[in-house]
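Student:
Residue numbers (our numbering): 81 to 364.
Dropping the structure here:
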């Protein structure tokens, strides 16, 4: 296996650094996770990874940045800060001075307003992110994509990455086909913007516990058709992926889904695109 950059993984310590999730009922992931755990789960193929915030907390971001200073596996950090705060632009500029801070993620999926990101008080932070060259990680569902479409138009130099392919309704493929059509149309529309990319991550956890993995195949095929190999990134969403399978199960399954691509196209998805889009330094 060629070297892999995992563009989306999490670390947390239960009860510390602003911890709110996962909850105790999620027994497979309700414990501390360290970079060494990811290294053990992924094996020798893993060249490095991007640590993504898991808590809506400045403390979580500062902890990840502190870890990144001494942990070579962490090539970059996607953090969190309140983008609607009165001093948000200054916060963004301050965070951007850290060499491993590569992006910010406001966790839009859990906010009460689907168009929160379009609020006037968020605009200064988005402008500051664009000026600093940070990536906007969009943690969204289908219903949020029209707002992200608007952001992509307003800020053409802001790099936007759709996390987990906007969480497609894989579990409802057979029972609610309209939900799948809505997702397909929305992803086709958002992919028209050249500043938008998408992570091939989190699909397994959008499935029913008894659902065969291959029912996620058509969703991957659509993403390939719309974004192409140059704007898709491999992400494991580890350790959340453990709710359905392990790191290597997801990586092997996805590699099989991409088997028809050329070696350079596969390398782009599993390595080069993460390096380019997140501007990862020191990666050969």
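Positions of the beta carbon are idealized from the N, C-alpha and C atoms, including for glycine. All values derive from a computational prediction rather than experimental measurement.
On the premise that residue 341 lies in contact with residue 309, defined as a C-beta separation below 8 Å, what is that separation, rounded to the nearest angstrom?
Tutor: About 6 Å separates the two Cβ atoms, so the contact holds.
Student: Taking 9 Å as the CB-CB limit, is residue 361 close to chain D?
Tutor: Structure shown: chain D not included; a single protein chain is present.
Student: Apart from the five residues just before and just after residue 343, which ones in its own chain have a Cβ nearer than 6 Å to its Cβ?
Tutor: Answer for residue 343: no residue qualifies.
Student: For residue 208, collect the residues of the same chain with a Cβ closer than 6 Å to its Cβ; drop the 5 residues on either side in sequence, then sort them by chain order.
Tutor: These residues qualify, in order along the chain: 169, 172, 173.
Student: Tell me which same chain residues have a C-beta within less than 7 Å of the C-beta of residue 111, skipping the five on either side of it?
Tutor: Only 94 meet the Cβ criterion.
Student: Name the DSSP bridge partner or partners of residue 221?
Tutor: According to DSSP, which records beta bridges pairwise, residue 221 is partnered with nothing at all.
Student: Compute the Euclidean distance between the alpha carbons of residue 89 and residue 317, then round it to the nearest angstrom.
Tutor: When rounded, the distance between both Cα atoms is 5 Å.
Student: In chain order, what residues of the same chain have a beta carbon less than 8 Å from the beta carbon of residue 289, not counting five sequence neighbours either side?
Tutor: These residues qualify, in order along the chain: 324.
Student: I believe residue 85 touches residue 351 by the beta-carbon criterion, under 8 Å. Please report the beta-carbon distance rounded to the nearest angstrom.
Tutor: At roughly 5 Å, the Cβ-Cβ gap stays under 8 Å, so residue 85 and residue 351 are in contact.
Student: Take every Cβ of the region 293-307, pair it with every Cβ of the region 102-116, and state whether three or more of those distances are shorter than 8 Å.
Tutor: With the cut-off at 8 Å, the region 293-307 and the region 102-116 do not touch.
Student: Thinking residue 185 and residue 132 are a contact (beta carbons under 8 Å), I'd like their distance in whole angstroms, please.
Tutor: Sure, about 6 Å apart at Cβ, within 8 Å.
Student: Around the C-beta of residue 161, are 16 or more other C-beta atoms found within 10 angstroms, so that it is buried, or is it exposed?
Tutor: When all chains shown are included, residue 161 counts as buried.
Student: Only counting the same chain, and skipping five residues up and downstream in sequence, which positions put a Cβ closer than 8 Å to that of residue 189?
Tutor: Around residue 189: 219, 220, 221, 224, 247.
Student: For residue 170, which residues does DSSP report across the bridge?
Tutor: Answer is none; residue 170 lacks a bridge partner.
Student: Just list the residues that DSSP pairs residue 86 with in beta bridges.
Tutor: Per DSSP, 129.
Student: Hey, residue 129 and residue 331: beta-carbon distance below 9 Å or not?
Tutor: No.
Student: Residue 277 lies in the beta strand (DSSP E); which residues open and close that run?
Tutor: 276-280 is the span of the beta strand (DSSP E), which, as asked, contains residue 277.
Student: Checking the sheet assignment: what are the DSSP bridge partners for residue 202?
Tutor: Note: residue 202 sits in no beta bridge, so no partner.
Student: Answer yes or no: do residue 183 and residue 239 have a C-beta to C-beta separation smaller than 9 Å?
Tutor: In this structure, residue 239 lies closer than 9 Å to residue 183 by Cβ.
Student: Tell me the rounded alpha-carbon separation between residue 149 and residue 175.
Tutor: Using only the alpha carbons, I get a separation of about 14 Å.
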